[in-house]
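Those protein sequence lines, which keep their order, are chains R and B.
The number in my numbering is simply the position in the first sequence, starting from 1, with 1 added.
The number in my numbering is simply the position in the second sequence, starting from 1, with 2 added.
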Amino acid sequence: MNDRVIIVGYGMAGSRLAAELHARGGYQKVTVLGAEPHRAYNRIMLSTLLAGKIAEPDVELAEVAGQGVDVRTGVAVTAIDRAAREVRTDDGDQHGYDHLVLATGSRAVVPPLPGLDPLPERVVPFRTLDDCRRILAAARGARRALVLGGGLLGLEAARGLVARGLDVTVVHPMGHLMERQLDPTAGAVLAGTLAGLGVRTVLAVPATGVAADADGVRLGLADGRSLSADLLVLSCGVRPDTDLAAAAGLTVERGVVVDDRMRSSDRRISAIGDCAQHDGALTGLVTPAWAQARVVAQVLAGDDPLARYRPRPVVTRLKAAGIDLAAMGDATDGPGIGGPVEELTFADPARGTYARLRIRDERLTGAILLGDNPAVGTVVQLFDRGAQVPADRRSLLLGRAFGTVPAAPAASPALMPDAATVCQCNDVSKGALVACWRSGARTVDALSGATRAGTGCGGCRDALAGIADWLGGAEPVATR
Amino acid sequence: MTDGARVATRPGVGSREAATHCPYCALQCGMTLRETDGRIEVLPRQFPTNRGGLCQKGWTAADLLDHPERLTTPLVRDPATGEQRPASWDEALDRIAAGIRTVQTGHGRDAVAVFGGGGLTNEKAYALGKFARVALRTRHIDYNGRWCMSSAAAAGIRAFGVDRGLPFPLADLGRAETLLLVGANPAETMPPLLRHLADQRQRGGRLIVIDPRVTATARQADLHLQPLPGTDLAVANALLHIALTEGWLDRDYVAARTTGFDAVRCTVAGYWPAEVERLSGVPVADLEATARALATAGSAIILTARGAEQHAKGVDTVTAFVNLALALGLPGRPGSGYGCLTGQGNGQGGREHGQKADQLPGYRRIDDPAAREHVARVWGVPADDLPEPGVPAYRLLDSLGTPDGPRALLVFGSNPVVSAPRAARIESRLRDLDLLVVADFLRSETAALADVVLPVAQWAEEDGTMTNLEGRVLRRRALREPPPGVRTDLAVLADLATRLGAPVGFPTDPRAVFTELRRASAGGPADYAGVTWARIDADTGVFWPCPDPDGPDTPRLFADRFPTPSGRARFHPVTHRPAAEEVCADYPLHLTTGRVLAQYQSGTQTRRVAALRRAAPGAFVELHPDLAARLGVTDGEEVRVVSRRGELRAPARVSPTIRPDTVFAPFHWPGAARANSVTNDAVDPISGMPEFKICAVRVERVQS
């Protein structure tokens, strides 16, 4: 009954679903209709493309076309006829379905500022591969760039353009960068880090309008200033692309409303990725989109008809050359609910390092880690799984525990206990070496020959020499 | 000191020497055995692998030669008492031959199976494979190397067209600017290898270790990545993703020397570092530093070992690291490359000469008609008489005594009661057999179950060849004759073949067997045709392939081409998948297993050496102080580790060197402390490698 599956959208969610269905070797005929003219690509890598480190083919995702999956790119779906169970496309075609999956993604928000309708040539949103091409075209020969929006994507764009040698300023209406993920202190440390990389930030001032001509673009600000540049990148958020779903009469709030199996109000239509709204929430991230694709594949292919999507907590991660930021949970909120909150903080602004962790009932409920935080991997995993935090909290900030580490090799052989193993390979203790010395072995080679210490990996030869020296010096006063 | 090619045996002088190699791991450290008035001394010997070093296992290797528990007479199980009792060789061999005939008459040729070991010499491994195919004519032969090297072997063959653990001499490690060890702990498993790492450090090289535990090796690393067990594949894909996004690929090499990169490129596009950080717990910054160190070094080597390989996705995990090496242009470049650290003494040679279910000598495929024809001609039998491929080790053992499985098993040089995954189940399979025969020199836990036990010679009592982790064929040299009542494996096989009416003879002189092996391997991927004992003796061993006695051997592979039909190495896209058994509320912890320095494999030998027993007296369960505190467990207290398959009991060893979500147990001990009572028998679909390195458990205090 699900023989003909149509996937609308060939972005990261749609292509993943096609691959998941293909991997299950199902009996379905799968058709993917993608409005963009390209192969599926990895949106996460666009900022790297912007930075000029890779070429366009490098962002392509695994291709499943021609392996039982019919992929048609450059074909936009214009309407869904739910009664006839078919979709119409802009090339005048019609495709019947037994099950339809909407993976239409989201669109960049263009703020309602004077001068942006229509979009001037030097003003480009940062969302798609085509956007990326336009930005790169505008950046050619350019010296200065403005980025409107100091959220995650805006900062990634800024970082990419700086890598191209441009002079970049980020304009953000809020008091600090990434205000949804960061507290003001973290925002300030991040701004400092960006400044070190050559990205200027203008904060707490809304933009009022854009004026663009063949020579450049000017961004007017509410404080009366006006910033000039050769191009302006817009990064003012995204909005789920729900037009098709709404026109077809599906339940749509901010996104297409879906249940745990990603089904919309029509059981024959699912939605995944940015366009879907599950349990009241939009995701806007790849990881949940891929998890949703998996659920739909399991249901459609029949290997787990009762599969359910279970959202995982969101971890925001910004990692570009010179920037290392992880933010998750309630680190920016007030007291919240539950038991008493433990706050761990560490700040070293001069070196761009900041950490703030919130712990409640032995569980990590939120964290901001910026800069060099060696335990970031551990923190992310503890938060992700709701696992119990270490007894020594400092290990979360500093990457190692204190008080429980194995005793460091004693600086002086005199302080080493007799039972301490000097040579692991041959299980020789300090006591055995001392006894050997007393029975006449007075050189490193003699000690080694008699005890086999140092004959395995050879790593303890220096320690042996130290003990021989110590014994040599201690001998005259040894009275025991 | 020289290689000591001359065996100084001076009968009547009261003192004799043999320049040989250690009986244990694949490093095959050079050693000299000296016997003076019946007392045997072990002396380390300069050899390119150990450079004069020996670990405690090597130093004490001779302690077993005259050990009181040494078997010197065959044992047969008395039907009346059910107990094993001493018997003559004739009685023992007659009983085996009769048992085999009865089983094969009633249930067909495949009802008899053979299980070999990675410690057998090349000659014995070869003879065992021939015995199975020619004398028993069973398709069922496999060996414990399946649990050791098979994942790396399969990945190597599919990428490079050949499987030689290290495709370069070990000394190349010392020249690598960056060395990445993945799931390898040579500081405990083959300590003298660290002399090469010291060399590397001295030259300013960087050592990076990937291991869920802070092992003795990881402690020496410049950078240690401590991933969640079972996530190495994703880590490798992330490293390649980073190399790709940073523009560090060797695109000329990829274009000229490989095929299939596009599919890999598209696959690793989905492994961005932040995602893999969340999965593995390895910080993005460390992933980046690792990728940078590998990609920007003048020379770099990536080595995997059992930590990466003993998984139900072991082949794909190794492939992910091979992909990384290829994308960086490492294989075939001097001082660079990918390799795996073989474990067992002759793990390499043991897999080349016919002990594997699907292989004939010379690393030939048994389903290849040309290979069958060639080998059958050497053996003097019709090719049609050779059996078809059998099944991998675990499947074989798991089928024993079942309606469709073999009813008789001959074991040479292995102790599956301790070493098999889900060992309790395998133990019960062995008990269901009509006939179990074990050839060993000590009464191992498997021998204790046998209907017939055959006492065979030890390493210092036999001549032969071993092929070490570098693919270097070297000589094992006898110091003395076996004690009275003990025979060599080759003599046992020859006797049995005669009793079974085999159509061709089985030489008992290892030199003659090796000559035959050379012919059988000629033209195969592991070509020994040009390797002679004299040639090995004249130098520090011979690297295969060596097709011509007068031609060169091959210390380094892949300089100009890969032994694939196109001459190019092959990329294969691989994706992460969860472990066969994930943690859950009832079994919330990961168990990983491994070795300790002073013990070897199932411990049959090393547990009987007093010095090693003192150094490593028993099993333990390593767990993090936070976990111990949560469980209320104190250091040294007995704990129980429980999985869906069974449990082990051992004292807790509380240590911050392990992740709090993971516990570790060594696998060398039998009985209540047997780690493999707990391990998972899920296997890799390509290699048949069991998932020794990860399963879900809970840890409990043992109430007194």
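A virtual CB, placed ideally from N, CA and C, is assigned to each residue, including glycine.
These numbers were taken from a predicted model, which means no experiment stands behind them.
Checklist entry - Which residues in chain B sit within 7 angstroms of R/Thr288, going by Cβ to Cβ distance? => result For the purposes of this step, residue 288 of chain R is taken as the residue at position 287 of the first sequence. Going along chain B in sequence order, the residues near R/Thr288 (Cβ under 7 angstroms) are Glu277.
Item to check | Close-in-space but distant-in-sequence residues of the same chain around B/Ala677 (CB under 6 angstroms, 5 per side omitted) | outcome: One-based indexing of the second sequence puts residue 677 of chain B at position 675. Answer for B/Ala677: Thr595, Leu650, Ala667, Phe669, listed in chain order.
Next on the checklist: Suppose the cutoff is 6 angstroms on Cβ atoms and the five residues either side in sequence are ignored; what does the same chain contact list for B/Asp174 look like?
Outcome noted: Mapped onto the second sequence, residue 174 of chain B falls at position 172. Exclusion of the five residues before and after B/Asp174 leaves Gly337 as the residues of its chain whose Cβ lies within less than 6 angstroms of its Cβ.
Next on the checklist: Less than 9 angstroms between CB atoms is the rule here; does R/Thr456 satisfy it with respect to chain B?
Outcome noted: As a working mapping, residue 456 of chain R is identified with position 455 in the first sequence. Chain B contact via Cβ: present.
Checklist entry - Measuring CA to CA, which of B/Pro527, B/Ser301, B/Glu463, B/Thr344 is closest to B/Gly356? => result As a working note, residue 356 of chain B is residue 354 in the second sequence. Answer by Cα proximity: B/Pro527.
Item to check | Sequence-distant residues of its chain with Cβ nearer than 8 angstroms to B/Arg12 (five each side left out) | outcome: Along the second sequence, one-based indexing puts residue 12 of chain B at 10. Annotation note: pLDDT 47 at B/Arg12 (below 50); position unreliable, no value reported.
Checklist entry - What number of angstroms, rounded off, separates the C-alpha of B/Asp541 from the C-alpha of B/Gln350? => result If you number the second sequence from 1, residue 541 of chain B lands on position 539. If you number the second sequence from 1, residue 350 of chain B lands on position 348. The alpha-carbon atoms of B/Asp541 and B/Gln350 are separated by roughly 20 angstroms.
Next on the checklist: Counting C-beta neighbours from all protein chains within 10 Å, is the total for B/Ala257 16 or more, i.e. buried, or is it exposed?
Outcome noted: In the second sequence, residue 257 of chain B corresponds to position 255, counting from 1. B/Ala257 should be labelled exposed.
Next on the checklist: What does the Cβ neighbour count give for R/Thr480, buried or exposed, with the cut at 16 atoms within 10 Å?
Outcome noted: To locate residue 480 of chain R, count along the first sequence from 1; it is residue 479. With a pLDDT of only 37 at R/Thr480, under the threshold of 50, the placement of this residue in the model should not be trusted, and no figure is reported.
Checklist entry - From B/Phe564 to B/Ala157, what distance separates their C-alpha atoms? => result Indexing the second sequence from 1 puts residue 564 of chain B at position 562. Indexing the second sequence from 1 puts residue 157 of chain B at position 155. Distance between the alpha carbons of B/Phe564 and B/Ala157: 14 angstroms.
Next on the checklist: Any beta carbon from chain R within less than 9 angstroms of B/Trp61's own beta carbon?
Outcome noted: Numbered from 1 along the second sequence, position 59 holds the residue referred to as residue 61 of chain B. True, the Cβ-Cβ gap to chain R drops below 9 angstroms.
Next on the checklist: Any beta carbon from chain R within less than 9 angstroms of B/Cys57's own beta carbon?
Outcome noted: On the second sequence, residue 57 of chain B is found 55 positions in, with the first residue counted as 1. B/Cys57 counts as touching chain R.
Next on the checklist: Tell me which residues share the same chain as R/Ala52 and place their Cβ nearer than 6 angstroms to its Cβ, disregarding the 5 neighbours each side in the sequence.
Outcome noted: For the purposes of this step, residue 52 of chain R is identified with residue 51 of the first sequence, where counting begins at 1. Cβ neighbours of R/Ala52 beyond the five flanking positions: Gly161, Ala164.
Checklist entry - Among B/Ala684, B/Gly473, B/Ser689, which has the Cα closest to the Cα of B/Asn348? => result On the second sequence, residue 348 of chain B is found 346 positions in, with the first residue counted as 1. Nearest of B/Ala684, B/Gly473, B/Ser689 to B/Asn348, Cα basis: B/Gly473.
Checklist entry - Between B/Ala113 and B/Pro408, which are expected to be in contact by the criterion C-beta below 8 angstroms, what is the C-beta distance as a whole number of angstroms? => result Locating residue 113 of chain B in the second sequence gives position 111, where the first residue counts as 1. Locating residue 408 of chain B in the second sequence gives position 406, where the first residue counts as 1. Contact between B/Ala113 and B/Pro408 holds, since their C-beta atoms are separated by about 5 angstroms, short of 8 angstroms.
Checklist entry - B/His592 lies in the beta strand (DSSP E); which residues open and close that run? => result In the second sequence, counting from the first residue as 1, residue 592 of chain B sits at position 590. B/His592 -> beta strand (DSSP E) spans 591-596.
Checklist entry - At a Cβ threshold of 9 angstroms, is R/Arg318 touching chain B? => result Working through the first sequence from its first residue, we reach residue 318 of chain R at position 317. Yes, contact with chain B.
Item to check | Touch test, the region 328-343 of chain B against the region 591-608 of chain B, Cβ-Cβ under 8 angstroms, three pairs minimum | outcome: no
Checklist entry - Secondary structure at R/Met417, three-state DSSP: helix, strand or coil? => result In the first sequence, the residue the question calls residue 417 of chain R occupies position 416. Correct three-state label for R/Met417: coil.
Next on the checklist: Counting only beta-carbon separations shorter than 9 angstroms, does B/Pro285 have a partner in chain R?
Outcome noted: Stepping through the second sequence from its first residue, residue 285 of chain B is reached at position 283. Yes - at least one Cβ of chain R is within 9 angstroms of the one on B/Pro285.
Checklist entry - Should R/Leu18 be flagged as near chain B, meaning a C-beta pair shorter than 9 angstroms? => result Taking the first residue of the first sequence as 1, we reach residue 18 of chain R at position 17. For R/Leu18, the answer is no, since every Cβ of chain B falls outside 9 angstroms of its Cβ.
Next on the checklist: Please list, in chain order, the residues of the region 657-672 of chain B that have any C-beta partner in chain R closer than 9 angstroms.
Outcome noted: Against chain R - using a Cβ distance shorter than 9 angstroms - the residues of the region 657-672 of chain B are Ser657, Pro658, Thr659, Arg661, Pro662, Asp663.
Checklist entry - Hey, how far is the Cα of R/Ala408 from the Cα of R/Val381? => result Indexing the first sequence from 1 puts residue 408 of chain R at position 407. Indexing the first sequence from 1 puts residue 381 of chain R at position 380. Since pLDDT at R/Ala408 reaches only 47, below the 50 mark, its modelled position is unreliable, and the value read off the structure follows with that caveat. Whole-angstrom Cα-Cα distance: 29 angstroms.
Checklist entry - Do B/Ile303 and B/Tyr255 have their C-beta atoms within less than 9 angstroms of each other? => result Position 301 of the second sequence holds residue 303 of chain B. Position 253 of the second sequence holds residue 255 of chain B. Note that the C-beta distance between B/Ile303 and B/Tyr255 is not below 9 angstroms.
Checklist entry - What residues from the region 228-252 of chain B come within 8 angstroms of chain R, judged by C-beta to C-beta, listed N to C? => result Leu230, Leu246, Thr247, Glu248, Gly249
Checklist entry - Which residues in the same chain as B/Ala524 place their Cβ atom closer than 6 angstroms to its Cβ, once the five residues preceding and following it in sequence are excluded? => result Here residue 524 of chain B refers to the residue found at position 522 of the second sequence. Same-chain partners within the cutoff: Ala531.
Item to check | C-beta neighbour in chain B for R/Met46, strict 9 angstroms | outcome: One-based indexing of the first sequence puts residue 46 of chain R at position 45. True, the Cβ-Cβ gap to chain B drops below 9 angstroms.
Next on the checklist: Buried or exposed, going by whether 16 or more other CB atoms sit within 10 Å of the CB of B/Glu43?
Outcome noted: Taking the second sequence and counting its residues from 1, one reaches residue 43 of chain B at position 41. Label assigned to B/Glu43: exposed.
Next on the checklist: By the three-class DSSP mapping on this structure, what secondary structure does B/Ala651 have?
Outcome noted: For the purposes of this step, residue 651 of chain B is identified with residue 649 of the second sequence, where counting begins at 1. Per the sequence shown, the amino acid found at residue 651 of chain B is Arg instead of Ala. DSSP places B/Arg651 in strand when its eight states are reduced to three.
Checklist entry - For B/Ala129, which residues from the same chain have a beta carbon less than 7 angstroms from its beta carbon, with the 5 sequence-adjacent residues on both sides left out? => result Residue 129 of chain B sits at position 127 when you count from the first residue of the second sequence. Scanning its chain for C-beta atoms nearer than 7 angstroms, with the 5 sequence neighbours on each side dropped, one finds around B/Ala129 the residues Leu492, Leu495, Phe508, Val515, in chain order.
Checklist entry - Can R/Val171 and R/Leu195 be called in contact, C-beta distance under 9 angstroms? => result As a first step, residue 171 of chain R must be located in the first sequence, where it is residue number 170. As a first step, residue 195 of chain R must be located in the first sequence, where it is residue number 194. Yes.
Checklist entry - Given that a residue counts as buried once 16 or more other Cβ atoms are within 10 Å of its Cβ, and exposed if not, what is B/Cys586? => result Sequence index remark: in the second sequence, residue 586 of chain B carries index 584 (1-based). Classification for B/Cys586: exposed.
Next on the checklist: B/Leu328 and B/Phe263 - do their beta-carbons sit closer together than 9 angstroms?
Outcome noted: Reading the second sequence from its first residue, position 261 is the one you call residue 263 of chain B. Reading the second sequence from its first residue, position 326 is the one you call residue 328 of chain B. Result yes, Cβ atoms of B/Phe263 and B/Leu328 sit closer than 9 angstroms.
Item to check | Outcome for B/Pro231 when other beta-carbon atoms lying within 10 angstroms are tallied against a minimum of 16 | outcome: Residue 231 of chain B sits at position 229 when you count from the first residue of the second sequence. The residue is buried, with at least 16 neighbouring Cβ atoms inside 10 Å.
Checklist entry - Is the region 29-49 of chain R touching the region 116-136 of chain R, taking contact as three or more C-beta pairs under 8 angstroms? => result yes
Next on the checklist: When you compare the CB positions of B/Pro692 and B/Asn682, do they come within less than 9 angstroms of one another, or not?
Outcome noted: Numbered from 1 along the second sequence, position 690 holds the residue referred to as residue 692 of chain B. Numbered from 1 along the second sequence, position 680 holds the residue referred to as residue 682 of chain B. The criterion of a C-beta distance shorter than 9 angstroms is satisfied by B/Pro692 and B/Asn682.
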